[in-house]
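The structure under discussion appears below in the form of C-alpha cells.
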Amino acid sequence: MKVLITGGAGFIGSTIASRCLDEGIEVVILDNLSTGRAEFVKDRTWYRGRTDDGTLIDRIFADHPDIVATIGCAAKIVVPESVAEPLHYYSENVAAGLALIGHLLRNGCERFLFSSSAAIYAPGLGITEQAPLAPMSPYARTKAHFEQALEDITAGTPLRAVSLRYFNPIGADRKGRSGLQVRRPTHALGVMIDKYHAGEPYPITGTDWETRDGTGIRDYVHVEDLADAHIAAVRRFDTITSNGPDGTAYRVINLGSGTGTTVRELIKAFENVTGKPLPTELVGRRPGDNAGAYPDITLAHELLGWKPTLTIEQGIADSLAWYGRRDLVLTEGTEE
Numbered sequence: 015m016k017v018l019i020t021g022g023a024g025f026i027g028s029t030i031a032s033r034c035l036d037e038g039i040e041v042v043i044l045d046n047l048s049t050g051r052a053e054f055v056k057d058r059t060w061y062r063g064r065t066d067d068g069t070l071i072d073r074i075f076a077d078h079p080d081i082v083a084t085i086g087c088a089a090k091i092v093v094p095e096s097v098a099e100p101l102h103y104y105s106e107n108v109a110a111g112l113a114l115i116g117h118l119l120r121n122g123c124e125r126f127l128f129s130s131s132a133a134i135y136a137p138g139l140g141i142t143e144q145a146p147l148a149p150m151s152p153y154a155r156t157k158a159h160f161e162q163a164l165e166d167i168t169a170g171t172p173l174r175a176v177s178l179r180y181f182n183p184i185g186a187d188r189k190g191r192s193g194l195q196v197r198r199p200t201h202a203l204g205v206m207i208d209k210y211h212a213g214e215p216y217p218i219t220g221t222d223w224e225t226r227d228g229t230g231i232r233d234y235v236h237v238e239d240l241a242d243a244h245i246a247a248v249r250r251f252d253t254i255t256s257n258g259p260d261g262t263a264y265r266v267i268n269l270g271s272g273t274g275t276t277v278r279e280l281i282k283a284f285e286n287v288t289g290k291p292l293p294t295e296l297v298g299r300r301p302g303d304n305a306g307a308y309p310d311i312t313l314a315h316e317l318l319g320w321k322p323t324l325t326i327e328q329g330i331a332d333s334l335a336w337y338g339r340r341d342l343v344l345t346e347g348t349e350e
C-alpha cells in the first residue's frame with residue numbers, strides 16, 4: 015500500500031509518515047516547507063510544492079500511479095494568526111484544499127483522509143460527532159467550511175472522504191525522528207515545559223469552572239496514537255465508506271482521550287514525570303476562556319478499532335525528551 019501525505023514534513027504529518035513506514039506502508043510526501051522541516055523528510059520520497067499545484071500533483075501520480083489514498087495534513091493552524099490574517103487562512107486551508115481535491119479526482123485518487131479539528135465544536139464534555147458545529151475562530155471556520163465542502167463533493171463525485179476531528183496532539187515520535195518544530199509553542203503543555211525550564215510558575219487560569227476539580231479541561235492525545243488512527247482509517251477506508259446508493263461516502267470520526275485532562279491533572283502528571291513540584295500561580299479567568307472540551311470516541315473504536323494506548327504521562331515524557339534533542343535534529347535552525 016502506498017499513500018500520499020500532504021503536509022508530511024510537519025509535526026503530525028511526519029509522525030503519520032513515520033508510523034506508516036513502521037507498518038510497511040509506503041509514503042509519498044508533498045510539502046512546501048512553509049512550516050514543515052526538511053529534516054523530517056530526509057531519506058523519504060518527497061516533493062516540495064503546494065497542494066494547489068496541479069502540474070506537480072499530476073507528476074506525483076505519474077511517478078506513483080499506485081497511490082491508493084491521500085492523507086491531508088497540510089494546513090495553517092495558529093488561531094491568533096488566523097484572526098490577524100483570515101484571507102490567508104481561507105486561501106490556504108479552503109481554496110488550496112479544494113484545488114487539491116480536483117487534482118486528486120483528475121488523477122483517479124478517490125480516497126481522501128482529512129486531518130480536521132474538534133475546534134469546530136462548541137465547548138462541551140463528551141462531544142459526539144452529531145454535536146452542532148460552532149467554530150470560534152477563522153482557523154476553526156476554515157476547517158468547518160472544508161468539511162462541509164467534502165460532504166457536498168462526495169455526494170456528487172466518486173470521492174470518498176473521512177474527517178478525523180481532534181484537539182491537542184502531544185508527545186513526539188518515540189524513535190526521535192520528529193516532534194513539534196516550533197521553539198515557543200502556545201498550547202498548555204508547551205507553555206508548561208517552557209515555564210519548567212525557566213524556573214517560572216505556571217499560570218492556572220481559573221479554579222471555578224464546572225469541571226471535576228474546578229480548573230479548565232482540555233483534550234490531549236499522543237501524536238503516535240493519532241498517527242495510528244490515521245493508519246487504521248486508511249486500512250479500513252473501503253469498509254467504512256461507500257459510494258453505493260445505501261453507502262456513506264463521507265464519514266466524521268472523533269479522536270481523543272475520551273475523558274479530557276484538567277489543568278490540575280496535567281500539572282500532577284507533569285510532576286509525576288519530572289519527579290519535581292511545578293510552581294504555579296492563580297491568575298483568574300482570561301477573556302474568552304471557557305470550561306473546555308473533550309470528545310466522545312466511541313465511534314472511533316467501533317469503526318476503526320482504535321483507542322489511545324499512550325498515557326498523558328508518556329506524552330509529557332516524550333515532549334520533554336524532544337525538547338532536549340530538538341535543536342540537535344533541526345540542524346538548519348529552528349522555528350521561532
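For my numbering, add 14 to where a residue sits in the sequence shown, where the first one is 1. For glycine and all other residues, C-beta sits at the position ideal for the given N, C-alpha and C.
By the Cβ criterion, the stretch 293-309 is in contact with the stretch 130-139, since at least three pairs of Cβ atoms, one from each stretch, lie closer than 8 Å. Here His78 carries a coil assignment [DSSP, helix/strand/coil]. Of all C-beta pairs linking the stretch 41-53 to the stretch 15-29, three or more are shorter than 8 Å, placing the two stretches in contact. The alpha-carbon of Asp77 is positioned some 15 Å away from that of Met15.
Contact between the stretch 108-127 and the stretch 278-289 is not established, with fewer than three Cβ pairs separated by less than 8 Å.
By the criterion of at least three beta-carbon pairs nearer than 8 Å, the stretch 237-252 is not in contact with the stretch 197-216. In the same chain as Arg58, and ignoring 5 residues on each side of it, the C-beta atoms closer than 7 Å to its own belong to Ala31, Val41, Ile43, in chain order. Under the 8 Å Cβ criterion, the stretch 183-198 does not count as touching the stretch 272-280, having fewer than three qualifying pairs.
Under the DSSP assignment, Arg340 falls in the alpha helix (DSSP H) whose first and last residues are 326-343. Secondary structure at Asp166: helix, using DSSP grouped into helix, strand and coil. Counting the other CB atoms within 10 Å of its CB gives Pro152 a total of 16 or more, which places it among the buried residues.
Closest by C-alpha distance to Gly193, out of Val343, Thr229, Leu114, is Val343. Minimum Cα-Cα distance from Thr142 among the listed residues His315, Gly329, Arg339, Thr171 corresponds to His315.
By a beta-carbon distance limit of 8 Å, Leu127 does not contact Ile207. Their separation comes to about 30 Å. In the three-state reduction of the DSSP assignment, Val55 falls in the coil class, being assigned neither a helical nor a strand state. Using a Cβ distance threshold of 8 Å, Gly230 and Arg339 do not count as a contacting pair. Distance from the CA atom of Phe75 to the CA atom of Trp336, rounded to whole angstroms, is 34 Å. The three-state reading of DSSP puts Ala145 in coil, since its state is none of H, G, I, E or B. Within its own chain, the residues whose Cβ lies closer than 7 Å to the Cβ of Arg51, once the five positions on either side in sequence are excluded, are Ala23, Gln195, Leu344, listed in chain order. Phe128 is bridged by DSSP to Gly86, Ser177. If you look at Leu101, you'll find it in the alpha helix (DSSP H) that goes 100-104. Boundaries of the alpha helix (DSSP H) around Val205: 202-212. Secondary structure of Asp45 (DSSP, three-state): strand. Residue ranges of uninterrupted beta strand (DSSP E) with 3 or more members, entirely inside the stretch 228-269 and ordered along the chain, are 234-236, 264-268. For the 8 Å CB-CB criterion, Ala133 and Ala154 form a contact. Cβ-Cβ distances below 6 Å link Val176 to Leu127, Ala247, Arg265 in the same chain, with the five nearest sequence neighbours on each side left out; the list follows chain order. Within the DSSP secondary-structure output, Tyr135 pairs in a beta bridge with Leu147.
The Cβ atoms of Ile330 and Leu164 lie no closer than 8 Å to each other. If you compare the alpha carbons of Lys157, Asp332, Leu101, Asp227 with that of Ala89, the shortest gap goes to Lys157. Here the C-alpha atom of Ser48 lies approximately 15 Å from the C-alpha atom of Ser96.
Take the alpha-carbon of Lys321 and the one of Ser271: they are about 8 Å apart. For Gly27, the secondary structure class from DSSP, reduced to helix, strand or coil, is helix. In the three-state reduction of the DSSP assignment, Gly68 falls in the helix class, which pools H, G and I. With fewer than 16 neighbouring CB atoms inside 10 Å of its own CB, Glu224 falls in the exposed class.
For Lys282, the uninterrupted alpha helix (DSSP H) run begins and ends at 277-288, by DSSP.
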